[in-house]
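What follows is a short report on a single structure.
Number of protein chains: 2
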Amino acid sequence: MRTGIATVCLSGTLKEKMQACAIAGFDGIEIFEQDLVTSPLSPEEVRKMAADLGLGLDLYQPFRDFDGVTPDLLKANLRRAEAKFKLMSRLGMDTILVCSNVATATIDDDELRASQLGELAELAGDHGVKVAYEALAWGKYVNDYEHAYRLVEIVDHPNLGTCLDSFHILSRDWDTAPIEKINADKIFFVQVADAPKLSMDVLSWSRHYRVFPGEGQFELAKFMGHVVRAGYTGPVSLEVFNDVFRQSDVERTAVDAMRSLIWLEEQSAKWLESNATAAASEQKAASRRRYPMELATLPKVNEPAGFNFAEVKADDTAQLEKLLGQLGFEFEGRHRTKDVQLWTMGQARVIINEQAAQHAEPAIAALGFDVDSPVIASARAQQLKAPVVARKVQADEEVFQGISAPDSTEIFLCQGSPDGTAAWTHEFGEGLEHPGSDVSAVIDHVNLAQPWQHFDEAVLFYTSALALEPQPFAEVPSPSGLVRSQVMETSDGSVRLVLNLAPAQQAQTARKTYQEHIAFAVDDLVATARSAHTRGLEFLEIPANYYEDLDARFELEPEFLATLKELNLLYDRDANGEFLHFYTATVGSVFFEMVERRGNYDGYGAPNAPVRHAVQYDSLHRS
Amino acid sequence: MRTGIATVCLSGTLKEKMQACAIAGFDGIEIFEQDLVTSPLSPEEVRKMAADLGLGLDLYQPFRDFDGVTPDLLKANLRRAEAKFKLMSRLGMDTILVCSNVATATIDDDELRASQLGELAELAGDHGVKVAYEALAWGKYVNDYEHAYRLVEIVDHPNLGTCLDSFHILSRDWDTAPIEKINADKIFFVQVADAPKLSMDVLSWSRHYRVFPGEGQFELAKFMGHVVRAGYTGPVSLEVFNDVFRQSDVERTAVDAMRSLIWLEEQSAKWLESNATAAASEQKAASRRRYPMELATLPKVNEPAGFNFAEVKADDTAQLEKLLGQLGFEFEGRHRTKDVQLWTMGQARVIINEQAAQHAEPAIAALGFDVDSPVIASARAQQLKAPVVARKVQADEEVFQGISAPDSTEIFLCQGSPDGTAAWTHEFGEGLEHPGSDVSAVIDHVNLAQPWQHFDEAVLFYTSALALEPQPFAEVPSPSGLVRSQVMETSDGSVRLVLNLAPAQQAQTARKTYQEHIAFAVDDLVATARSAHTRGLEFLEIPANYYEDLDARFELEPEFLATLKELNLLYDRDANGEFLHFYTATVGSVFFEMVERRGNYDGYGAPNAPVRHAVQYDSLHRS
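So the sequence lines, in the order shown, correspond to chains G and B.
Counting from 1 along the first sequence, just add 21 to a position and that's the residue number in the numbering used here.
Counting from 1 along the second sequence, just add 21 to a position and that's the residue number in the numbering used here.
This is the structure:
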């Protein structure tokens, strides 16, 4: 698949954008006109720079408001087009995007439109230019890709074809199957963008909320499957703009973009595999490469089987040790060569890393996931452009395959075991006795705060590299704004990751109003809480008003309610089961949660989240 | 008018919210249930705190999903309601908001709903509570205020009335005239919120985009006019939540909120005045106070006649002096008692203030506006809670009435004169000769960057205190994101203020990518540019590609195009006229623009803004 990206997707100057595209490994780019008009680089300099960077200049765009106009306007439009054709020749470019008219069309007549597009194609032919005509979702008369293609068919000129843009097609809910009927020679270009499903006017949706494939909810693999089946072999190019990308680091966005195309390529191949038509099956029998477009494959991974460990880091780790001890974790000793400690409770393993920078507050540093094959999983992640994290190891020590998540959390791909144990634990506490624990506990979920610039990127990262499934997102009120909460989990819930997008902080206040946490699941939360209480654990203190409201909502047994209140436990119930949980006080930016899932309760106690946020806000504010 | 605000409008803890409401001067508040549930304050403590702060506790809210349910659910709902009634008695509150059912209603039958609401009213009566039933815009079966009122009429119980919420009514485009037919005794509460007109699902619109009255596009004065004519005399309370307020400083938001109600009160009175019905006219003749609700009035001002001056400030003012001199401004000398200089060009007056903090870069510090009466204008602004700015004056010097705009720009209300001169200029350059200038120039517009937290507040500030009219906003692409641009102007265009909301910057980069500027209008821009060029002015350098594109779009005379290109002039044209302009290089965060308006061109060269942003970005990035 030939990969491309429009310069409008990226922030910065044209030069910065082109360099970032080359670094990320794109085959070609679309030149967004405004980027050229505002650039001090001459067309010839742009051409040379692209050649030096190994970037194809695949599409000049956009040319607006051409068709369906009065003769006067047509004349001016042809003059304007010819100026652009001449410019393209200086750039060494041969394809221009012409969008269906939004602003100046006054005549709704396909014959007239065809005749005007024919004149344009003829002029383009004189300059060696191919015109890719695209139906904008909000085009005045032409807003449907099949309509645009009908016009191309009527004109029947070698220099006129169509451009298919997934956003303009899927935002309008047009059926994508008819793409297969389009003559592949007439598809001059394909643009892809994803988006969250929003119910709003399509122009604002397009302008503010497009995201890279895999970061939204469009059925892009299916769209691409139809495009591939049509026989298209040209560039598949990203045209994505939203309020975040344009403000983000250009090189990083380019890598995120490239990752989305690599992932889309794999997903498209999978879609084709599982949606093979009879005809396609025959073709498959005849040849391994079923379609003209070659779709690269990635190393295959299953979803992780569980958390292998979680790692917290601090300069002074005393508070962390105290909290874990009070929760009932056992100290399993220090590592034989590194300044790290291991604490366990059943199969829940927490590493305390003492190698933090001076004065660094406690924070979540790393997560280990159980995978079938760490090497294959790492190869996949690296092909998806995940940065590699190196860990020093001594002889005989387990080599962890590590990658860096968008928020800089280190992700380690570990060899899972059928019984949930981890082979590397023997590297800790040499000479210490390790009595078998009788407590059954696991890491239930981990909640990571995401910087706003990298939230969508993180969703794609965990989807593509770790095979986690994004769930519908929720918004939780906190005293300082709505917290967007995105659950990523495996189908059986054995790995649950919650990505929280904290509200932007006021620059003038230093208050940190959001933290991260690790939650452990136990079989008997009340007993766990009682023991922790005895050991002196500082619980997050839940207001009395909460228990009154809880009673009004759930009509609980008075004795049970009294226990909840006494131990600062939170409670939730739904049709599937019950959920009990409590939180510790926060140290640095970390706190811990203990949960008990009863029945098939599958959530996270979302109705209680505002209480947690408010109490944490209040205690930070008082301190 | 009794003013109120829901605690959900504000950030922070319940205690912080209540204190801020008292400081801003609200008569009462609505307690948002979650704020109480998450608070460590007991109901009795909240009651005492409200009494101490002089705040009425006017509404407990919301009670959700009551009506149209199965008998089982009804029983649980009544139990839940009774718990809340008891809680309200501890709070000393007598009115509760009950929203039409969204989630649990399964039976669409008005008779059943009425019977269930009747049971609720009966129970409420036992506890001395009044139920205000409100139709949510997205209620499952009841989403129209007239429908909600019909149910209230059917039940006909003294403890059941309705709540009118402007958002739920205007977002659905319901006709507001029928409000007048509602029995005033049955209107238990009125909530107001404004919003920009967006085409999106009403729940997301409500949750993220509500703004205070005067900051959006709803016809709130008309809504309130009908409410007043209905005979309602209770609280008018703000229920506004969006992504900005909840993250902003609580006291400041409360003041912004209060300003919006004061302004709404005046606008409602105006609406009633100009929409007097025959019946109302008779009533007016009979009595000065026409309606039971008393609407306070504000000192009246007309829109300003022009800019009196603009002031820039710096520690080292040499660069500013150089720029103004090169542009053709005359140095009119220093002030006789202060460290400020006056520079003029025709009626365009720029004060350079040298009293800046050490190392302070050049920045726009103040704007003077010509008003009919500075004292009346200042009184109005102060009643609208604008902070006062004091300036030291010596005997015989003009006393400026100053207020502080939301972005901290100082706004001075100056005595205008018919010929556009300013009396205070004689305080400058004593002993210097002041040859009459033959150049005709005025301040055309000023462009101020707004912090994102104060953008909506700024719109209301300039609307209410300075009588400027907000125009539809535009979004301008820049290399680091979309810049939201909001023009505020007088009806004749003699004062034009452009408020720009710069994209949030990446925390990790220190690059400043957005600046403010002052634009001056002259009669002959080409001549002005030539003279400035001769004086060595550093123009913002416009890329050659821009002129090629300009020619493609406008087919300009080759000689004219060559002049534009030679002098780095920008050009725009629309049906009304032509616009020529150029920019200087930036010093600190300020640059200057020179413009020439030909014909009736009324814009700001918006198509050229991306060029300016890109070139400024590029030059900052290179330096």
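For each residue, glycine too, the CB sits at the ideal point set by N, CA and C.
Everything numeric in this text was worked out from a predicted model, so none of it was measured.
query                                                                                                                                                         : result
Could you please tell me which residues of the segment 550–580 of chain B, in chain order, have their CB closer than 8 Å to any CB of chain G?                : E562, P564, A565, N566, Y567, E569, D570, D572, A573, R574, E576
Would you tell me roughly how many angstroms separate the C-alpha atoms of G/L157 and B/T484, rounded to the nearest one?                                     : 37 Å
When the Cα atoms are used, what is the spatial distance from G/G33 to G/R111?                                                                                : 23 Å
At the 8 Å Cβ level, is B/D79 part of the contact set with chain G, yes or no?                                                                                : no
Which first and last residues belong to the beta strand (DSSP E) in which B/D428 is found?                                                                    : Where B/D428 is concerned, there is no enclosing beta strand (DSSP E), given that its DSSP letter is neither H nor E.
Just to confirm, are B/F541 and B/D465 a CB contact at a threshold of 8 Å?                                                                                    : yes
Distance, Cα to Cα, B/F687 vs B/E65?                                                                                                                          : The structure shown does not extend to residue 687 of chain B, since chain B is modelled only from 22 to 644, so the question has no answer here.
Using a Cβ cut-off of 9 Å, pull out every chain G residue sitting near B/R100, in sequence order please.                                                      : A573, E576
Please name the residue, chosen from G/A384, G/P179, G/S227, G/R505, that lies closest to G/T116 on a Cα-to-Cα basis.                                         : G/P179
In whole angstroms, what separates the C-alpha of G/D544 from that of G/E294?                                                                                 : 43 Å
Could you pull out every residue in the same chain whose Cβ sits closer than 8 Å to the Cβ of B/A145, ignoring the five residues on either side in sequence?  : A102, F106, I117, K151, V152, N180, L181
Does DSSP put B/P395 in a helix, a strand or coil?                                                                                                            : helix
Grab the span of the beta strand (DSSP E) containing G/N521 for me, first residue to last.                                                                    : 517–522
Going by beta carbon distance, what residues of the same chain come within less than 6 Å of B/T338, once the five residues before and after it are set aside? : I373, E375
Would you decide whether G/N323 is buried or exposed? Buried here means 16 or more other CB atoms lie within 10 Å of its CB.                                  : exposed
If I follow the unbroken alpha helix (DSSP H) through G/G139, where does it start and stop?                                                                   : 131–147
Excluding sequence positions up to five away, which residues of its chain have a Cβ less than 6 Å from the Cβ of B/A398?                                      : V322, V392, L434
Using a Cβ-Cβ cutoff of 7 Å, what residues of the segment 220–243 of chain G are near chain B? List them in chain order.                                      : S220, M221, D222
Using a threshold of 8 Å, state whether the C-beta atoms of B/V257 and B/L282 are closer than that.                                                           : yes
Please report the residue range of the alpha helix (DSSP H) in which B/T555 lies.                                                                             : 546–555
Would you mind sorting G/V409 into buried or exposed? The rule is 16 or more other CB atoms within 10 Å of its CB.                                            : exposed
Under 7 Å, CB to CB, which of the residues in the segment 30–47 of chain B have a partner in chain D?                                                         : No chain D appears in the structure shown, which is made up of the protein chains G and B.
Using CA coordinates, which residue listed in B/G557, B/E617, B/D595 is at the minimum distance from B/A606?                                                  : B/G557
Quick one: what's got a C-beta closer than 7 Å to G/L489's C-beta in the same chain, skipping five residues either side?                                      : E324, Y483, M509, E510, T511, V516, L518
Helix, strand or coil for B/Q403 per DSSP?                                                                                                                    : helix
Using DSSP's beta-bridge definition, name the partner residues of G/N374.                                                                                     : G/K334, G/V361
Would you call B/R280 buried or exposed, if buried means 16 or more other Cβ atoms sit within 10 Å of its Cβ?                                                 : buried
I'd like to confirm something about B/E448: is its beta-carbon nearer than 7 Å to some heavy atom of the ligand FAD, or not?                                  : You won't find the ligand FAD in this model; it holds no ligand whatsoever.
Quick one: which unbroken beta strand (DSSP E) runs of 3-plus residues sit fully inside the segment 28–76 of chain B? Chain order, please.                    : 49–53
Do B/L80 and B/A71 have their C-beta atoms within less than 8 Å of each other?                                                                                : no
Could you give the distance in angstroms between the alpha-carbon of G/Y567 and the alpha-carbon of B/E431?                                                   : 46 Å
Throw me the rounded Cβ distance for the B/C30 and B/F350 pair, which I believe falls under 8 Å.                                                              : Rounded, the Cβ-Cβ distance is 46 Å, inconsistent with contact.
Counting pairs of Cβ atoms below 8 Å between the segment 80–93 of chain G and the segment 128–143 of chain G, do you hit three or more?                       : yes
Who are the neighbours of B/Y638 on chain G, taking C-beta pairs under 8 Å?                                                                                   : G33, T34
Is there a Cβ from chain B that is less than 8 Å from the Cβ of G/L57?                                                                                        : yes
Would you grab the beta carbon distance between G/F494 and G/Q507 for me? Rounded to a whole angstrom, and I think it's under 8 Å.                            : 5 Å
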